[in-house]
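Q:
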Amino acid sequence: MTISQDPQAPLIVVCGATGIQGGSVIEALAESDKPYRFRGLTRDTNKPVAWALASRGVEMLQVDLKVENEPNVVEAFKGANISFVRLYVFIPKSYVDGLEFSQVVTNFWEHKNKQREIDEGQMLVRVSKTVGVSLLVWSGLESVSELSGGRLTHVFHFDSKAAVTRYAQEIGVPFVNVQAGQYASNYTQHWRPRKQADGSYAIKLPWNSDSVAPVIDMVADYGLFVREAIEEPVFGAGTEILTCGEMLSFRDAAAQLSQKEFAAQGRMPVIEVEDIRQSLIKYGYYGGKDIAPSLIHLARMPRTFAEFAKEQDWEAIID
4 MTISQDPQAP
14 LIVVCGATGI
24 QGGSVIEALA
34 ESDKPYRFRG
44 LTRDTNKPVA
54 WALASRGVEM
64 LQVDLKVENE
74 PNVVEAFKGA
84 NISFVRLYVF
94 IPKSYVDGLE
104 FSQVVTNFWE
114 HKNKQREIDE
124 GQMLVRVSKT
134 VGVSLLVWSG
144 LESVSELSGG
154 RLTHVFHFDS
164 KAAVTRYAQE
174 IGVPFVNVQA
184 GQYASNYTQH
194 WRPRKQADGS
204 YAIKLPWNSD
214 SVAPVIDMVA
224 DYGLFVREAI
234 EEPVFGAGTE
244 ILTCGEMLSF
254 RDAAAQLSQK
264 EFAAQGRMPV
274 IEVEDIRQSL
284 IKYGYYGGKD
294 IAPSLIHLAR
304 MPRTFAEFAK
314 EQDWEAIID
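Under my numbering, the first residue of the sequence shown is numbered 4, with each subsequent residue one higher.
1. Pairing CB atoms from the region 196–214 with CB atoms from the region 153–161, are three or more of them under 8 Å?
2. Out of Ile15, Glu277, Arg303, Asp316, which one is the CA nearest neighbour of Asn211?
3. Tell me which residues share the same chain as Leu64 and place their Cβ nearer than 8 Å to its Cβ, disregarding the 5 neighbours each side in the sequence.
4. Hey, quick one: how far does the beta strand (DSSP E) through Pro10 stretch, first residue to last?
5. Roughly how many angstroms separate the alpha carbons of Phe308 and Gln192, rounded to a whole number?
6. Assuming Ala232 contacts Gly239 (C-beta within less than 8 Å), just tell me the rounded distance between them.
7. Does the separation of the CB atoms of Ser35 and Val222 fall below 7 Å?
8. Does DSSP classify Ile299 as helix, strand or coil?
9. When you compare only the Cα positions, how much space is there between Val88 and Ser142?
10. Within a Cβ cutoff of 7 Å, which residues of the same chain sit near Arg119, ignoring the five residues on either side of it in sequence?
11. Any idea if Lys37 is buried or exposed, counting beta-carbon neighbours within 10 angstroms, 16 or more meaning buried?
12. Closer than 8 Å is the cut-off here; do at least three beta carbon pairs connect the region 290–309 with the region 161–175?
13. By the 10 Å Cβ neighbour count, where 16 or more other Cβ atoms means buried, how is Asp224 classified, buried or exposed?
14. Give the range of the beta strand (DSSP E) segment to which Gln125 is assigned.
15. In chain order, what residues of the same chain lie with their CB nearer than 7 Å to the CB of Cys18, ignoring the 5 residues before and after it?
16. Would the beta-carbon of Leu144 fall within 7 Å of that of Tyr286?
17. At what residues does the beta strand (DSSP E) containing Trp141 begin and finish?
18. Would you mind working out which of Ala257, Arg230, Val61, Val218 sits nearest Met250, comparing C-alpha positions?
19. What residue range does the beta strand (DSSP E) around Val52 cover?
20. Could you check the C-alpha separation between Trp366 and Val66 for me, to the nearest Å?
21. Quick check on the burial criterion: 16 or more other C-beta atoms within 10 angstroms. Buried or exposed for Pro209?
22. Assuming the contact rule is C-beta atoms closer than 8 Å, Glu30 and Val70 should be a hit. Round their C-beta distance to whole Å, please.
23. For Gln8 and Glu62, I'd like the C-alpha separation in whole angstroms.
24. For Val77 and Glu234, what's the separation of their Cα atoms in angstroms?
25. Taking only three categories from DSSP, how would you classify Arg169?
26. Exposed or buried, Gln11, counting other C-beta atoms within 10 Å across all chains shown (16 or more means buried)?
27. Can you name, in chain order, every residue of its own chain whose Cβ lies under 6 Å from the Cβ of Val16, other than the five neighbours on each side?
28. Which of the three DSSP states, helix, strand or coil, is assigned to Asn180?
29. Out of Val179, Ala258, Asn72, which has the shortest C-alpha to C-alpha gap to Ser137?
30. By Cβ distance below 6 Å, which residues in the same chain neighbour Gly184 in space, the five residues on each side in sequence not counted?
31. Taking DSSP as the reference, what is the three-state secondary structure of Asp162?
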């Protein structure tokens with residue numbers, strides 16, 4: 004696993020290099036037989052993970068990816084052949100409170116503002132065009148508002164990313180939309196099993212138990228799809244990739260954790276969660292799109308949920 008220092012190798016600027024998706028992108032491309040240089044952008048280059056990346060040859064830059072800091076972001080992007088851009092997840096407070104998140108570290112807590120997330124995403128797209136990248140790899144999602152004809156308008160963390168996707172189309176930057184599936188790690192964090200009074204375990208879900216979603220081990224596998232987007236000729240600018248390790252219902256995911264007698268529990272009755280639930284039932288996670296073409300050219304097959312679950316320390320995770 005090598006990271007090139009050859010000045011002739013393509014330079015990939017990775018936003019959020021110390022995060023889940025950004026880190027996965029670097030790992031997957033470092034495994035390629037093609038050479039890549041990396042410039043990782045982070046808000047804190049003193050974090051241990053930033054030091055670890057730097058020790059492996061990643062050029063780490065400290066930069067705040069805010070709209071008012073656009074000139075400095077342009078400088079950070081200069082020289083890039085490819086940029087990878089994602090946003091910190093925008094999650095409504097009532098959604099978080101209802102699901103009793105145990106640990107949430109997202110930019111949302113700094114501003115609680117959907118429009119700011121859109122503005123920052125559009126800024127990163129604009130910067131990618133300004134510096135002339137040959138390809139922007141964007142981590143987007145579907146617009147639930149559009150899928151529902153304006154009926155379901157509270158799935159903010161989908162709609163905000165869809166707004167950035169539209170902006171990228173409008174300004175003409177060459178980009179591929181590598182949509183992020185459902186994090187398998189949800190089951191170790193805010194959907195983690197909780198011990199009940201009778202000694203059994205329960206998982207609180209915002210969805211119907213029989214709804215199906217594309218579950219993916221984001222740390223291990225998201226980067227596989229970005230590598231596919233960059234290296235496979237059938238993809239690239241103007242295309243879309245739908246990430247997925249396994250199409251799995253929430254009931255089946257809970258059943259795979261049955262060694263702890265976990266059981267799905269009812270959803271929380273708040274409007275943000277209700278719109279998410281309705282959207283998944285009526286339109287599916289990816290709006291009914293076929294995921295099969297996105298799986299054909301991967302360097303290896305992504306992990307199943309069972310493989311992900313097997314590696315977790317459930318005794319430390321569960322309440």
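Just so it is clear, CB atoms sit at the ideal spot from N, CA and C, and this is done for glycine as well. All figures in this text were calculated on a predicted structure; none of them were measured in a lab.
A: According to the structure shown:
1. no
2. Glu277
3. Arg42, Gly43, Leu44, Thr45, Thr48, Ala79
4. Per DSSP, Pro10 belongs to no beta strand (DSSP E) and is neither H nor E.
5. 15 Å
6. 7 Å
7. no
8. coil
9. 6 Å
10. none
11. exposed
12. no
13. buried
14. Where Gln125 is concerned, there is no enclosing beta strand (DSSP E), although the alpha helix (DSSP H) it sits in stretches over 117–134.
15. Gly25, Leu44, Leu68, Phe87, Val88, Arg89, Leu127
16. no
17. 138–141
18. Val218
19. Here Val52 belongs to no beta strand (DSSP E); instead the alpha helix (DSSP H) covers 51–58.
20. Outside the displayed span of the chain (4 to 322) sits residue 366, for which this structure offers no information.
21. buried
22. Going by Cβ atoms, the distance from Glu30 to Val70 rounds to 30 Å, so no, they are not a contact pair.
23. 10 Å
24. 25 Å
25. helix
26. exposed
27. Arg42, Phe80, Ala83, Ser86
28. strand
29. Val179
30. Pro217, Ile219, Thr246, Cys247
31. helix
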